[in-house]
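S.K.: Below is one structure. I have some questions about it.
Number of protein chains: 2
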Amino acid sequence: METHQSQQPGQTLNGAESLVKTLLACGVDTCFANPGTSEMHFVAALDRIPGMRCVLGLFEGVVTGAADGYARMADKPAATLLHCGPGLANGLANLHNARRAQTPIVNIIGDQATYHRPLDAPLTADTEGWARPVSVWTRTAQRADQVGADAAAAVQAACAAPGGVASLILPSDVCWDEGGRVAAPLPPLAAPKVSPDAIEQAARWLRSGQPTLLVLAGTALREAPLADAHRIAAATDARLITPMSNARVSRGRGRFAVERVPYSGDAARAKLAGIRQVILVGAPPPVTFFAYPGKSPRPYPEDAQIHVLARPEQDLADALARLADALGAPAVPVPDGATPAVAPAGLAKGAVTSEAVAQTLSALLPEQAVVVEESVSFGRAFYPGTLHAAPHDWLQLTGGAIGAGLPLAVGAAVAVPDRRVVALQADGSGMYTVQSLWTMAREQLDVTVVVLANRKYAILLGELAGVGANPGKTALDMLDIGNPDLDWVKLAAGMGVEGARAVDMESFADLFAMANKRKGPFLIELVI
Amino acid sequence: METHQSQQPGQTLNGAESLVKTLLACGVDTCFANPGTSEMHFVAALDRIPGMRCVLGLFEGVVTGAADGYARMADKPAATLLHCGPGLANGLANLHNARRAQTPIVNIIGDQATYHRPLDAPLTADTEGWARPVSVWTRTAQRADQVGADAAAAVQAACAAPGGVASLILPSDVCWDEGGRVAAPLPPLAAPKVSPDAIEQAARWLRSGQPTLLVLAGTALREAPLADAHRIAAATDARLITPMSNARVSRGRGRFAVERVPYSGDAARAKLAGIRQVILVGAPPPVTFFAYPGKSPRPYPEDAQIHVLARPEQDLADALARLADALGAPAVPVPDGATPAVAPAGLAKGAVTSEAVAQTLSALLPEQAVVVEESVSFGRAFYPGTLHAAPHDWLQLTGGAIGAGLPLAVGAAVAVPDRRVVALQADGSGMYTVQSLWTMAREQLDVTVVVLANRKYAILLGELAGVGANPGKTALDMLDIGNPDLDWVKLAAGMGVEGARAVDMESFADLFAMANKRKGPFLIELVI
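What follows is the structure, given as structure tokens:
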């Protein structure tokens, strides 16, 4: 093992110190943390060694979701610091979302000393077993002189295309034992390019004249590859689409847009009717979110052919650019967002509707905003309705595990402190990781939180209606969160975040414009 | 499979309906729930079939912790209803605590339809893999005509001595398919009695004259077995002790007391110095919570003999009674709590200290209160200081996964609505499952929440000091939750719970006395 220069000859380090120095050497300089007793030597090492920004979350779901949001915007991983199996467990739902987003995260879980684990003390749990299903790489460090190398391997694994969660379990004695060795960064495992054959074959499919759908995901949703996808579409009449939920889409005025597969299976099947071939670009074949009795779980025609241009771990931008070239597809201009038909129509007035909120967002969204959307049912108009807003990135709940939105906003704001983060947050989901507000206040993050307060699990009321018969009191009670009403302005104040309530579009526009100009966080409870 | 009478001949049920009817037939009539789309047919069945009390939690950690608190007080399981792998994941930490408490829970996790799972839709996760480490029994239902039998098996497994989490994963098509069959309850698997040989052998150990420790846990901590343990101790000079954290201890005036193994390894080793033999009664051998460099993880002398009177799954009360008889140990009177030396000293005045709070609790605790204690560092005086309070049960965080206290209080209050629940809650831990307050308001549960607001992870500051050197800003920042200060009165108000702040012992006593007389919940933020 080569020793990195950040360790001086003859310098004695413990395992924790070698770990921190290795992470820094590998470019990991941000740690979202909720430490416990078994991590005290790691905390002490963070204290002694300058260079790591530590951001505290009051709950592990905040920590892991923030690490996800950070890497989506920073394009490099943060570390987490979690406490034992149960601390990991609290962070699993957002690690599940990160897995679906293919987000690189160096997920560090402090744990019992190697020799203490067999004694089955109260906090001992199956840390590895819980980590593995969300991780591309899982390892329990065993020795202080190897934990540096373990950390370098974790960073490499997390960053290997397309990105994923690398879980490093860190027994406390591995931290406190002397003999730590700082490891050099391992070479990045970049995305391999697709073969020339694959490009040629895709060009043949596209020239076949069959109604064709190109499904784009992952890094294909950045500005340049989207432009190339539009060259392909214009040259071949292929249709472009993305999954319903994506880690990050670059969009807004001057950028190419792509529709999403609708959430509703019926709407999705209607949209994809007539498709004869589906070409996947870093995406899985479309699938409905849930199954429903008697309905196909695939939203495309049963006899459509499924082809793969590029797998998720391949270089998607390169594949699209080469395919466009192979088709001889000329550059196409971005559709003009300034035409009256699609231009922002100014501020909406009056009653709060999904479309009205989208209109006001479209008019007022700051340049280069990061929109974190976990709007669930009410937000149906937000995505299409903000197509011509100022250029922005749009981050979504990728794994369906609600409670991602506010943590993602924390992480994004840490990653890109010069950009405003706008969190469009359903109330029921927001309560899952409401502790995020405290971290926003503590770090004075530039986040505008818009809580869409409908005071019910509205999406489930729709689903229940689909099941049949008139729902009775028991069912309605299980889907109604309005008894008692949550008061989000008080919740925010309880965690040090200023807030106010909007009940119509005029007050929303005033508050939204004001909030986006402030330093630090502000919460708007939008009663819908 | 015998069909239970609650299914009429010729009656057609879907799987969900047969499941609900089977649970009711098995005596499970309370369901803590946070449902999602895949559970809509189960929700619809709960709606159509009367008899199940459904209690909604806004986060799954509330749901699973409430199911734990419920069964600790009701001595029978509740059901949970969780949504897919990530919903389970959010509830795992409190299921870990329930596992350590040996609490019976019928843990129902709705999931993707059997035929949808292979399609790997966004919410699909390794539900079974996550459930197994906390469960004594895990099964994924496969067919509507078998899910009734699955449910009966789950109840039997959860209740098999000493009790545990039985996880039943419920694909949505198993719920909606027709052909459900209600299953009859399976015979309970009661705790087997220890053999006559084991009793005789234990009597010989106790008569040996060696300094002996009896470690009591689980059901040995109820009133009658504690009295028998005291007969044994009085007759043999054996010392009695319990683990630091226990699911439920019956205590207070007129009842026998037992000390706990101290949390600190040094204190525990000092207390157990000189012990030559350890006899386990439903307890594991004592172990320190964490390992520390150079210190033994066992708090008893290395050469002490470890003996087992009864394993956790055996009948502990019977074993203690028979052992006391075998020793010819006469009944002993409960130590008189009314002597001046130990009687409550009235209400404490002035500054808020751990001892002062214990004194006031001791004076004001309502008869038959259920005390849920997650006081972490500040609560050191609470347990010894309330020995002579009115008779009560004391429930603790058993698995070290913080965030159990408020959910346990929810569940206990649902289980024993005629008793006051007093939650002694550290602030840092309370934030983990702060959503519990909303359920308390919604169900108007008789809970007095006392938040011990020290605005730091105080226990970790102690641990950090143990690691060495003066902590710097990075370390202190990671252990300080006072920037910004949490305002618990506002947090409570945001969820519909009335509250007030106490800054000295006089205001605390006034608020505590008032709160305990009210209907419904009240929160006291005690600034310490």
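Sequence order for the protein chains is A and B. Using numbering that gives the first Met the number 0, the first residue of the first sequence is number 0, and each one after it goes up by one. Using numbering that gives the first Met the number 0, the first residue of the second sequence is number 0, and each one after it goes up by one. From the three backbone atoms N, C-alpha and C, an ideal C-beta is built for every residue, glycine too.
Does the beta-carbon distance from B/Leu407 to B/Asp67 come in below 8 Å?
M.R.: B/Asp67 is positioned such that its CB atom lies closer than 8 Å to that of B/Leu407.
S.K.: Considering only residues of the same chain and omitting the five flanking positions on each side of B/Asn616, which have a CB-CB separation below 6 Å?
M.R.: Nothing can be reported for residue 616 of chain B, as the shown portion of chain B is limited to 0 through 527.
S.K.: Does the stretch 131 to 142 of chain B come into contact with the stretch 151 to 161 of chain B, if we say contact requires no fewer than three beta-carbon pairs (one atom in each stretch) closer than 8 Å?
M.R.: yes
S.K.: Leaving out the 5 sequence neighbours to the left and right, which residues in its chain are closer than 6 Å to A/Leu271 when beta-carbon positions are compared?
M.R.: Pro298, Tyr299
S.K.: Are the Cβ atoms of A/Ala151 and A/Pro187 separated by less than 8 Å?
M.R.: no
S.K.: Quick check on the DSSP output: the beta strand (DSSP E) that includes A/Cys53 runs from which residue to which?
M.R.: Note, A/Cys53: beta strand (DSSP E), 52 to 55.
S.K.: Compute the Euclidean distance between the alpha carbons of A/Ile240 and A/Asp392, then round it to the nearest angstrom.
M.R.: A/Ile240 and A/Asp392 have their alpha carbons spaced roughly 17 Å apart.
S.K.: Distance cutoff 8 Å, beta carbons only. Does B/Ala88 sit that close to anything in chain A?
M.R.: yes
S.K.: Does A/Leu363 come out as helix, strand or coil in the three-state DSSP assignment?
M.R.: If DSSP states are grouped into helix, strand and coil, A/Leu363 belongs with the helices.
S.K.: May I ask you to list, following chain order, the residues of the stretch 35 to 51 of chain B that have a beta carbon less than 8 Å from some beta carbon of chain A?
M.R.: Gly35, Thr36, Ser37, Met39, His40, Val42, Ala43, Leu45, Asp46, Arg47, Met51
S.K.: Give me whichever residues DSSP pairs with A/Asn89 in a beta bridge.
M.R.: BP columns for A/Asn89 are empty, so no partner.
S.K.: For A/Val333, count the other beta carbons within 10 Å of its own beta carbon; 16 or more makes it buried, fewer makes it exposed. Which is it?
M.R.: exposed
S.K.: Going along the chain, which residues of the stretch 376 to 397 of chain B sit with their C-beta nearer than 9 Å to a C-beta in chain A?
M.R.: Leu396, Thr397
S.K.: Can you list the residues of chain B that A/Val466 reaches, using a CB-CB cut of under 7 Å?
M.R.: Met39, His40, Ala43
S.K.: Using the C-alpha atoms, what's the distance from B/Phe255 back to B/Val341?
M.R.: Legend: pLDDT at B/Val341 = 46, less than 50; position of this residue unreliable, value from coordinates given subsequently. Cα to Cα, B/Val341 sits roughly 14 Å from B/Phe255.
S.K.: Please state whether the Cβ-Cβ distance between A/Val356 and A/Phe381 is less than 8 Å.
M.R.: yes
S.K.: So for A/Arg238, helix, strand or coil by DSSP?
M.R.: The DSSP-derived three-state label of A/Arg238 is strand.
S.K.: Give the residues of chain B in contact with A/Phe58, contact being defined as C-beta atoms less than 7 Å apart.
M.R.: Those are Met430, Tyr431, listed as they occur along chain B.
S.K.: I'd like the ranges of any beta strand (DSSP E) spanning at least 3 consecutive residues and lying wholly in the stretch 473 to 501 of chain B.
M.R.: Taking only runs of at least 3 residues, the beta strand (DSSP E) segments lying wholly in the stretch 473 to 501 of chain B are 498 to 501.
S.K.: Run through chain B and tell me which residues come within less than 9 Å of A/Gln434, C-beta to C-beta.
M.R.: Met430, Tyr431, Val433
S.K.: Let's see if you can read the secondary structure: which residues bound the beta strand (DSSP E) around B/Cys25?
M.R.: Premise fails: B/Cys25 is in no beta strand (DSSP E) and is neither H nor E.
S.K.: Quick one: grab the DSSP three-state call for B/Ile274.
M.R.: coil
S.K.: I want to know whether the stretch 445 to 459 of chain A touches the stretch 65 to 82 of chain A - three or more CB-CB distances under 8 Å.
M.R.: no
S.K.: According to DSSP, B/Ser249 sits in a beta bridge with which residue or residues?
M.R.: B/Asp392
S.K.: Out of B/Gly519, B/Gly128, B/Ala65, which one is the CA nearest neighbour of B/Arg441?
M.R.: B/Gly519
S.K.: Counting only beta-carbon separations shorter than 8 Å, does B/Asn106 have a partner in chain A?
M.R.: It does not; no Cβ of chain A falls within 8 Å.
S.K.: Run the CB neighbour count on B/Glu16, radius 10 Å, all protein chains shown included, and call it buried at 16 or more, exposed below.
M.R.: buried
S.K.: State the CB to CB distance for the pair A/Ala330 and A/Arg230, rounded to an integer number of angstroms; the pair is presumed to be in contact (CB under 8 Å).
M.R.: 6 Å
S.K.: Compare the C-beta of B/Leu463 against all C-beta atoms of chain A and say whether one is closer than 8 Å.
M.R.: By this cut-off, B/Leu463 is an interface position.
S.K.: Quick one: Cα of A/Ala512 to Cα of A/Gln424, how far?
M.R.: 17 Å
S.K.: Please determine, among B/Trp204, B/Ser249, B/Ala219, the residue with the shortest C-alpha to C-alpha distance to B/Asp236.
M.R.: It is B/Trp204 whose Cα lies nearest to the Cα of B/Asp236.
S.K.: Quick one: Cα of A/Tyr69 to Cα of A/Ala414, how far?
M.R.: Rounded to whole angstroms, the separation of the alpha carbons of A/Ala414 and A/Tyr69 is 5 Å.
S.K.: Ordered along the chain, which non-local residues of its own chain (more than five positions away) have a Cβ less than 8 Å from that of B/Ile523?
M.R.: Cβ neighbours of B/Ile523 within its own chain (closer than 8 Å, five residues either side excluded): Thr447, Val448, Val449, Val450, Gly498, Ala499, Arg500, Ala501, Phe507, Leu510, Phe511, Ala514.
S.K.: Does A/Leu215 come out as helix, strand or coil in the three-state DSSP assignment?
M.R.: strand
S.K.: Which same chain residues, not among the five before or five after B/Arg259, have their C-beta less than 6 Å away from its C-beta?
M.R.: Thr241, Met243
S.K.: Could you tell me if B/Gln7 is buried or exposed, where buried requires 16 or more neighbouring beta carbons within 10 angstroms of its beta carbon?
M.R.: exposed
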